[in-house]
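Residue numbers (my numbering): 236 to 549.
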């Protein structure tokens, strides 16, 4: 039998044990305490005895406590995790580089097809572009009472973040512009101009939408970020929108050597060649010429025997 004082000591030590020891009543207190503790603590004599975790077999009612992994096992797990993360980052980096190269080629092709669009890339392959549009747009000064003016040049800073193409590019208008979907600081979100981002969206499609924004061909008043420009658009009757009627792809590239172009000839009517000799006219009175004679093969001479043989049933 264990006195109450000892029991209090055991309960107090049980409460301080992180392995979840719960002593039972009566003489089984020490056994129940030792069995339920995964750290091997024993309080029969008021002392602590350290035991290896694998030597204790907790009863079925006790909660299972996994033994801590060794230092070598933890190092192995960390190394494997680091290698997996590095492999994933390598694959993601290769995909991003391929996409950056493809986007650079796409923008170069777009520049050949447009008299409006121009760009300069930064990086190899470029992940930042300075885009220019040589076309008309609208701008207004800082004051809301300033006069709205027509401008002929737009400059845009387009940056591709590290997570591109999973995330959308960061776009900021550098030159002043008056548009409901472009904020006062020049930032613009593609979803506000009807172009939700997806990995399949290419930069040439983004540039086409930006040009529509620059010339006021696309305006979304429901998702306005510049409310001063929104109010102006709802009331203005001075300008005919879009300001610039040109599309971004307004110039076709030069045709290659394997492309054949045809040009329609002028209608010169039917030319009848002049006859150099006698001309024969064929009409209803023209007699039908006789059929050419057909040569008749010579008949085989008859044999001297005139008997005729019949071959049949009789």
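Note that CB positions come from ideal geometry on N, CA and C, so glycine has one too.
By how many angstroms is the C-alpha of residue j removed from the C-alpha of residue i?
| i | j | result |
| --- | --- | --- |
| residue 381 | residue 467 | 12 Å |
| residue 325 | residue 404 | Its pLDDT being 49, under 50, residue 325 is placed unreliably by the model, and nothing is read from it. |
| residue 475 | residue 442 | 23 Å |
| residue 214 | residue 329 | Outside the modelled stretch of the chain, which goes from 236 to 549, sits residue 214, for which no answer is possible. |
| residue 516 | residue 535 | 46 Å |
| residue 418 | residue 337 | 30 Å |
| residue 529 | residue 520 | 27 Å |
| residue 438 | residue 342 | 7 Å |
| residue 440 | residue 339 | 13 Å |
| residue 428 | residue 391 | 16 Å |
| residue 546 | residue 532 | 29 Å |
| residue 398 | residue 455 | 28 Å |
| residue 457 | residue 425 | 14 Å |
| residue 333 | residue 395 | 13 Å |
| residue 360 | residue 479 | 32 Å |
| residue 357 | residue 378 | 35 Å |
| residue 400 | residue 362 | 11 Å |
| residue 435 | residue 448 | 21 Å |
| residue 444 | residue 450 | 10 Å |
| residue 513 | residue 527 | 24 Å |
| residue 364 | residue 430 | 19 Å |
| residue 218 | residue 366 | Shown here, the chain extends from 236 to 549; a query on residue 218 therefore has no answer. |
| residue 550 | residue 525 | In the structure displayed, the chain extends from 236 to 549; residue 550 sits before or after that span and is not available. |
| residue 331 | residue 471 | 44 Å |
| residue 411 | residue 370 | 14 Å |
| residue 409 | residue 335 | 23 Å |
Sort out for me which residues DSSP pairs residue i with in a bridge.
| i | result |
| --- | --- |
| residue 365 | 355 and 392 |
| residue 408 | 391 |
| residue 374 | 384 |
| residue 423 | 406 |
Using 9 Å as the threshold, is the C-beta distance between residue i and residue j below it?
| i | j | result |
| --- | --- | --- |
| residue 372 | residue 385 | yes |
| residue 415 | residue 452 | no |
| residue 406 | residue 460 | no |
| residue 481 | residue 348 | no |
| residue 446 | residue 483 | yes |
| residue 393 | residue 368 | no |
| residue 374 | residue 345 | no |
| residue 402 | residue 473 | no |
Would you say the beta carbon of residue i comes nearer than 8 Å to a heavy atom of the ligand NAP?
| i | result |
| --- | --- |
| residue 328 | This structure lacks the ligand NAP, and indeed carries no ligand of any kind. |
Answer yes if the region 340-355 comes into contact with the region 461-475, meaning at least three C-beta pairs across the two stretches below 8 Å, and no otherwise.
No, they do not touch.
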